[in-house]
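Notes follow once the structure below has been shown.
2 protein chains.
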Amino acid sequence: MKKTVFFIVIIFSVLKIYSQESDSAVIRSIFREALSNKTSYKNLEYLCTKIGGRICGSPQAAAAVEWSKQVLQQMKLDTVYLQKVKVRHWDRGEKETASISSKIYGSKDVNICTLGESVGTPIAGITAEVIEVMNFDQLKKLGKKQLTGKIVFYNREMDPKDYSTFDAYESAVDQRFIGATEAAKYGAVGVVVRSMSLADDYIPHTGIMRYDTSGTNIPAVAISTKDADMLDEWLKDDYELLFHFKTNCKFFPETESYNVIGEIKGSQFPDEIIAVGGHLDSWDIGQGAHDDGVGTVQSIEVLRLFKELEIKPKHTIRAVLFMDEESAQRGGKKYAALARVKKEKHIAAIESDEGGFTPVGFSFDTSPDTLNMINKWKSLFLPYGIYNFEKGYSGVDIHYLKGLGFPCIGLSTDSQRYFDYHHSAADTFDKVNQREMQLGSAAMATLVYLLDKDAIK
Amino acid sequence: MKKTVFFIVIIFSVLKIYSQESDSAVIRSIFREALSNKTSYKNLEYLCTKIGGRICGSPQAAAAVEWSKQVLQQMKLDTVYLQKVKVRHWDRGEKETASISSKIYGSKDVNICTLGESVGTPIAGITAEVIEVMNFDQLKKLGKKQLTGKIVFYNREMDPKDYSTFDAYESAVDQRFIGATEAAKYGAVGVVVRSMSLADDYIPHTGIMRYDTSGTNIPAVAISTKDADMLDEWLKDDYELLFHFKTNCKFFPETESYNVIGEIKGSQFPDEIIAVGGHLDSWDIGQGAHDDGVGTVQSIEVLRLFKELEIKPKHTIRAVLFMDEESAQRGGKKYAALARVKKEKHIAAIESDEGGFTPVGFSFDTSPDTLNMINKWKSLFLPYGIYNFEKGYSGVDIHYLKGLGFPCIGLSTDSQRYFDYHHSAADTFDKVNQREMQLGSAAMATLVYLLDKDAIK
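Taken in sequence, the protein lines are chains Z and C.
To get our numbering, take the position in the first sequence, counting from 1, and add 5.
To get our numbering, take the position in the second sequence, counting from 1, and add 5.
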């Protein structure tokens with residue numbers, strides 16, 4: 006009896022070693038194919054340089070839908086289809102202008118960009134004195150008396166001391182998001198926000214802002230970090246200097262757009278889905294390369310890798326290219342709503358929206374038990390520099406799937422450079438390194454492969 | 006008695022936890038200071054843009070010695086001094102030219118650069134038919150009959166499938182290093198080597214080559230990857246095409262140069278040294294930013310971090326800026342020879358020569374026992390993305406210290422982009438991200454701090 010147990014243990018150990026070894030071999034083939042094939046990088050080049058920035062509702066966003074549908078169709082997948090998404094359509098209009106006039110320093114043009122979904126200025130622009138603040142408490146202390154008729158200048162920087170650039174972003178982005186609403190409460194006529202960037206340069210960074218429904222909507226713009234530093238310096242000597250800015254943005258009626266979806270059907274469980282996604286829309290300035298052209302082409306690449314390497318999945322592998330992440334996440338919400346209505350069974354959803362930098366791990370929005378099970382795969386990723394499996398947030402588009410009982414997973418990258426480009430004219434194709442991006446594609450494909458093979462249901 | 010043991014265990018456990026916590030706090034302060042202070046990045050900017058490429062023996066290399074000595078002196082260190090190093094002085098001369106003439110395709114200029122320490126061509130240049138090979142076996146098979154009077158074109162690429170870019174480099178660099186000598190054995194008149202690069206572009210990459218003493222020295226140049234691909238294509242249709250190149254390099258007499266050294270003296274063991282280093286020389290094309298301006302300014306930065314944060318080391322912390330890594334490592338050899346002669350006691354030596362990319366770990370050339378002891382610090386590094394502690398090669402300059410009984414350690418970086426810039430005109434200041442570089446400085450300072458505190462002697 007004891008002998009039998011002994012042999013069973015031996016057999017299971019051998020099988021386990023064999024399984025890990027054969028997984029290693031498959032994963033190796035995934036990484037080697039991803040690193041040496043140019044399809045995905047060429048896709049990114051097309052999306053960035055031929056279509057360009059693609060804010061939702063724009064002709065470019067429509068072109069991106071059509072292009073990505075065609076790319077998926079040419080891959081001879083089992084299914085390619087669109088999901089209708091009604092989207093807002095805000096347009097920047099003619100390029101913004103701004104200048105500072107000081108009796109001490111003279112006049113100087115500065116680089117700004119309108120924040121996403123801000124109201125525009127009157128045709129003549131806005132000209133006013135500037136009050137610099139670091140936070141909303143300071144606003145409150147200054148009060149209506151000192152702020153009425155003024156432009157509020159939010160100048161709290163993303164803290165460079167923070168190792169996590171996302172933490173640094175989170176701790177400063179309130180200024181951009183609700184700064185206009187907060188300043189309007191005290192009679193301010195406009196806001197200028199220091200760009201959410203860790204780089205010292207003349208590039209302004211946009212991003213979504215929101216008004217609440219109670220107050221006056223005042224125009225909001227971002228100023229480059231170097232110009233913010235200059236404005237700060239000038240204000241020390243000349244608090245009466247005048248800031249002028251003119252923006253030309255407006256809303257058009259809502260339009261119809263789409264999530265774009267392609268699938269390889271599962272051989273055993275065609276109705277059970279592993280989704281990989283990125284978002285197809287981007288800001289209008291720049292080319293939306295890191296944010297999130299990369300997530301788009303990586304998701305397509307996961308399917309290409311499976312087909313090229315002839316890995317036949319048991320479950321359906323679905324690439325989802327979400328529309329409207331940057332504004333109101335109508336694509337993510339619609340996808341989740343339809344998944345609920347259709348009672349689709351997902352095994353997992355993975356999102357890439359941290360740029361095409363070297364992947365370092367995954368952030369798992371799941372139960373500790375599931376994470377423990379996933380953690381056993383860690384050693385398979387380690388040879389490719391992917392070491393960080395942690396519990397955390399998944400992604401802006403897929404987090405609407407939360408509560409459906411399967412892991413939502415975000416690809417984590419080495420994001421030290423991310424906010425140099427994020428939401429700015431600098432987010433262009435040439436800033437993405439082919440190998441770094443493709444390591445991300447391979448990391449996602451590897452996780453999909455393991456989830457498919459050893460599904461945690 | 007049992008109670009006493011129990012309490013002792015408790016006390017030691019508390020002390021251990023306290024010690025790790027206080028280490029964490031110090032390390033946190035190191036990373037936060039490194040990420041938010043601009044001194045080191047400004048040093049790199051000066052070295053790259055004001056001094057520029059600094060091949061050993063050149064006026065720029067001399068300027069780099071003088072500048073770095075002054076930088077260290079201004080830091081009010083305990084000791085700043087130079088170590089004399091006699092160096093070779095090879096000069097590229099006027100920019101190289103090359104062209105291909107084909108009866109089918111016409112004529113085209115191509116981008117080349119002379120390999121380091123190659124002989125030059127005759128004044129009229131060299132013009133000959135081209136034989137393309139992938140390795141030395143092919144050369145041998147072709148033999149004198151087919152190679153005499155020809156230019157040998159080595160076109161084996163760095164394998165993009167390889168996750169490790171250094172492995173990909175190692176497996177292709179023999180073509181550059183001894184390709185001329187091998188080709189000369191069969192009567193070839195010159196060699197053209199595909200650039201050691203993983204990028205598709207028009208940038209040629211130089212690097213050292215060597216002749217053996219037995220044969221004829223024939224000129225050797227590198228061609229950009231895109232031009233190599235074109236030449237390969239053209240040769241398929243026109244094996245009689247002519248390649249012409251002209252190089253203008255020559256040797257000058259050997260000159261005196263220096264390793265530059267700065268020290269913070271240890272409070273308890275001033276005669277026991279922890280060395281951190283990079284190399285001051287670089288190739289002449291480009292600015293030697295990643296290779297190895299970064300290692301230079303990071304080594305200086307380790308000292309600045311100790312001073313700024315008022316960490317008083319028990320052992321002497323020494324920054325060593327080595328001369329002549331790229332050619333004959335006379336600086337590294339001299340440093341090791343003097344350490345032996347003076348019977349200096351080192352605790353450890355750390356080198357940074359993998360570029361200013363995000364650090365991922367260290368490569369330890371030491372005994373398994375020592376590595377085991379060092380491994381206990383791993384958790385202190387993990388919050389900063391530094392996860393990979395492995396046994397391996399240390400660095401080109403410090404490996405001459407091997408055998409003296411202390412660990413030689415190389416900083417490991419995320420080197421996916423390294424060979425896009427390495428040894429080329431693209432290795433410029435703007436390619437280095439301040440945060441990524443400074444994480445490397447902080448990683449080195451942290452390791453120095455721990456080695457100093459818990460010295461393994």
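Glycine included, each C-beta is placed from N, C-alpha and C at the ideal position.
- Note that the C-beta distance between aspartate 370(C) and lysine 407(C) is below 8 Å.
- The beta carbon of alanine 354(Z) sits closer than 6 Å to those of Ala280, Ile403, Leu406 and Cys413, all from its chain and outside the five residues before and after it, given in chain order.
- Looking from the CA of threonine 321(C), the closest CA among Gly361(C), Ser332(C) and Val307(C) belongs to Val307(C).
- Bounds of any beta strand (DSSP E) do not take in valine 307(Z); it lies within the alpha helix (DSSP H) bounded by 299–313.
- For the segment 146–176 of chain Z, residues whose beta-carbon sits nearer than 7 Å to a beta-carbon of chain C comprise Pro165, Lys166 and Tyr168.
- At least one CB atom of chain Z sits nearer than 8 Å to the CB of valine 365(C).
- In its chain, beyond the 5 residues on either side, Tyr263, Asn264, Ile266, Lys339, Tyr340 and Leu343 have a beta carbon closer than 7 Å to the beta carbon of glutamine 88(C).
- Using a CB distance cut-off of 8 Å, tyrosine 110(C) does not count as an interface residue toward chain Z.
- Partner residues in the beta bridge of arginine 199(Z), as assigned by DSSP, are Ile228(Z).
- Taking a Cβ-Cβ threshold of 8 Å, the residues of chain Z close to glutamine 421(C) are Thr363, Asn438, Arg440, Glu441 and Leu444, in chain order.
- Of the residues Arg59(C), Asp28(C) and Ile228(C), the one whose Cα lies closest to the Cα of aspartate 289(C) is Arg59(C).
- Setting aside the 5 residues that flank it on each side, threonine 301(Z) is surrounded in the same chain by Gly283, Leu285 and Leu326, each with a C-beta closer than 6 Å to its C-beta; the list follows chain order.
- Using a C-beta cut-off of 8 Å, the segment 186–203 of chain C makes contact with the segment 156–173 of chain C, since at least three inter-stretch Cβ pairs fall below that distance.
- When the beta-carbon positions are compared, valine 226(Z) and glutamate 38(Z) stay at least 8 Å from each other.
- DSSP places threonine 186(Z) in the uninterrupted alpha helix (DSSP H) bounded by 179–189.
- Contact between the segment 125–136 of chain C and the segment 240–258 of chain C is present: 3 or more CB-CB pairs across the two stretches fall below 8 Å.
- Contact note: tyrosine 389(C) reaches chain Z through Tyr168, using a C-beta cutoff of 9 Å and chain order.
- Burial of threonine 252(Z) is indicated by the presence of at least 16 other C-beta atoms within 10 angstroms of its C-beta.
- In the DSSP assignment, glutamine 88(Z) forms a beta bridge with Asn264(Z).
- Inclusion of lysine 312(C) and glycine 98(C) in the CB contact set at 8 Å is not warranted, their separation being larger than that value.
- Contact annotation: in the segment 118–142 of chain Z, no residue has its CB less than 8 Å from a CB in chain C.
- Beta-bridge partners of aspartate 329(C) (DSSP): none assigned.
- The beta carbon of methionine 201(Z) sits closer than 8 Å to the beta carbons of Met163, Tyr174, Ala177, Val178, Arg181, His210, Gly212, Ala227, Phe424, His427 and His428 from its chain, once the five residues preceding and following it are set aside; these are given in chain order.
- Given a length threshold of 4 residues, each whole run of the alpha helix (DSSP H) inside the segment 230–294 of chain Z is given here in chain order: 230–242.
- In the three-state reduction of the DSSP assignment, phenylalanine 369(C) falls in the strand class, which pools E and B.
- In this structure, the beta-carbon distance from methionine 328(Z) to isoleucine 461(Z) does not fall below 8 Å.
- With contact defined as three or more Cβ pairs closer than 8 Å, the segment 230–238 of chain C and the segment 42–59 of chain C are not in contact.
- Where phenylalanine 141(Z) is concerned, the enclosing alpha helix (DSSP H) starts and stops at 141–152.
- Residues of chain C whose Cβ lies closer than 7 Å to the Cβ of serine 41(Z) are, in chain order, Pro165 and Lys166.
- Interface flag for leucine 203(C) against chain Z is set, since a Cβ pair is found closer than 8 Å.
- Rounded to whole angstroms, aspartate 142(C) and leucine 203(Z) show a C-alpha spacing of 52 Å.
- Taking the Cα positions, threonine 153(Z) is about 45 Å away from valine 70(Z).
- Taking the Cα positions, phenylalanine 274(C) is about 26 Å away from arginine 33(C).
- Listed in chain order, the non-local C-beta contacts of lysine 319(C) below 7 Å within the same chain comprise Gly271, Ser272, Gln273, Phe274 and Asp457, local neighbours out to five positions each way being set aside.
- Using a CB distance cut-off of 8 Å, arginine 37(Z) counts as an interface residue toward chain C.
- Neighbours of tyrosine 392(Z) in chain C, taken as residues at a C-beta separation under 8 Å, are given in chain order as Tyr392 and Asn393.
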